[in-house]
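So the sequence shown is numbered by my numbering: it starts at 418 and just counts up by one. Virtual Cβ for every residue (Gly too), placed ideally from N, Cα, C. Remember, predicted model here, so these are calculated numbers, not experimental data. Have a look at the structure below before the remarks.
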Amino acid sequence: MNVKKFVYIFSSVLFLFLSYNLIVWNFYTEKLLSGNTSSVSGDLARMGYISELAVRKKTENTLPVKHIPGKLYDGSKVDMITIGDSFSNGGGGGKNAHYQDHIATLSDLKVLNLPNYQEKTRSYIETAYILLNSGFLEQSGVKYVLIQSVERKIVQRFLTNVDSTFNDSLENIYKFYKFDFKKKKTKKSSNKIDKTNVNYVPETPFINNGNIKFVLYNTLYNFSDNAFISQVYRTKLSKELFSKGDKDLLFYKNDLSRIYMNTEENVKIVNKNLNDLAEALNKKGIRLIFMPAVNKYDLYSSFIKNNPYPKDLFFDNLRKFDKKYIFIDTKKILLERLMAGEKDMYHVDDTHWSGKAAKLISIEVSKYIKPN
418 MNVKKFVYIF
428 SSVLFLFLSY
438 NLIVWNFYTE
448 KLLSGNTSSV
458 SGDLARMGYI
468 SELAVRKKTE
478 NTLPVKHIPG
488 KLYDGSKVDM
498 ITIGDSFSNG
508 GGGGKNAHYQ
518 DHIATLSDLK
528 VLNLPNYQEK
538 TRSYIETAYI
548 LLNSGFLEQS
558 GVKYVLIQSV
568 ERKIVQRFLT
578 NVDSTFNDSL
588 ENIYKFYKFD
598 FKKKKTKKSS
608 NKIDKTNVNY
618 VPETPFINNG
628 NIKFVLYNTL
638 YNFSDNAFIS
648 QVYRTKLSKE
658 LFSKGDKDLL
668 FYKNDLSRIY
678 MNTEENVKIV
688 NKNLNDLAEA
698 LNKKGIRLIF
708 MPAVNKYDLY
718 SSFIKNNPYP
728 KDLFFDNLRK
738 FDKKYIFIDT
748 KKILLERLMA
758 GEKDMYHVDD
768 THWSGKAAKL
778 ISIEVSKYIK
788 PN
């Protein structure tokens, strides 16, 4: 092969390669993969490369009373502490995504949201114990502890033997949460992107492997609900329950893969661990609220056409047992609205519920709150 022919072939291949990436990026994948925390498409649309169902949601907070993020806590008295996963940290984005803000507004409470203590080694239940045993809850004037977890991870998180004696010094707790009570002035807003934000999406160049995956996945979705290799299932509903899409439902693969863990025996142990914590908190005049966030698949499963997948029995099993804590049945609350034909309880393109659903659930939580 002479040099001229080689240059021609190389230039042609390079042109086709660049053109392919540029076209797919501009028309399809940019809306999925471009990094931005103030306006992002849903995690399911990104993982499954399903651009036609992607909705870029602008993060807005219009409620008059807002919760206190842990990093902004100034040591003052608070009424409620929430501990949870991405649902407790505004996952999904959009308008008024934090359920804590709805609770604070509805009940006029000071609500503090804290991340899990020693995230990789401790459960949310043990985080509550350390806050109790260290004296932090009493010192802060807490009346309610709300523990939240997405349904698919509850048994994984709460089945293990819980160390109810888990303790640490207040000094170490302050260091872990990076409390700085000396700085009580409102922090200045910054244009710097917060990479710890639950909705953070890294910046992606227009040449990326997502452009290949987009074509591959969208071809394979014609033959398989999860495109054989995708983390996202795409099915059809019997009625339109989202504002966007033609009766489409997207849900995360682990909604299915972890169903086997939600046995009556396992859920019974989880309930006991929560009851034990509730008793310990009650001795200090503190109420425990447990709020499992229903999996998207579980919530919408009865509306899936000819559903070939198993039923998730977590909520059915949990409802059987006596509880010493306040149980917020998010599946029951939201399913009632779906049965009435209300749309967008969850974001069509995301694993998280919408601000509309967060409000409905917070109204239920507020029923158990005693006025100050």
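query                                                                                                              : result
N- and C-terminal bounds of the alpha helix (DSSP H) containing Arg704                                             : Looking at the DSSP string, Arg704 is not in any alpha helix (DSSP H); the run it does join, the beta strand (DSSP E), is 704-710.
Thr768, buried or exposed, once every other Cβ within 10 Å from all chains shown has been counted against 16       : buried
Backbone CA spacing between Ile590 and Leu563 [nearest angstrom]                                                   : 19 Å
Alpha-carbon spacing of Leu449 relative to Ser505, whole angstroms                                                 : 23 Å
Which of helix, strand or coil DSSP assigns to Ile564                                                              : strand
For Val528 and Phe575, the rounded distance between their alpha carbons                                            : 24 Å
Start and end residues, alpha helix (DSSP H) containing Met756                                                     : 747-756
Close-in-space but distant-in-sequence residues of the same chain around Ala775 (CB under 8 Å, 5 per side omitted) : Asn513, Ala514, His515, Tyr516, His519
Sub-8 Å separation of Asn712 and Val572 beta-carbons                                                               : no
The stretch 629-636 / the stretch 671-686 touching (three or more Cβ pairs under 8 Å)                              : no
Cβ contact (3+ pairs, closer than 8 Å) linking the stretch 692-704 and the stretch 757-765                         : no
Candidates Ser674, Gln565, Leu489, of which the one nearest Val782 by Cα                                           : Gln565
Straight-line gap, Ser581 to Glu447 (C-alpha atoms, nearest Å)                                                     : 48 Å
Nearest-angstrom Cα separation, counted from Glu657 out to Ala695                                                  : 40 Å
From Ser719, Lys494, Asp585, Leu554, residue whose alpha carbon lies closest to that of Arg539                     : Asp585
Beta bridge counterpart(s) of Thr652 as assigned by DSSP                                                           : Leu666
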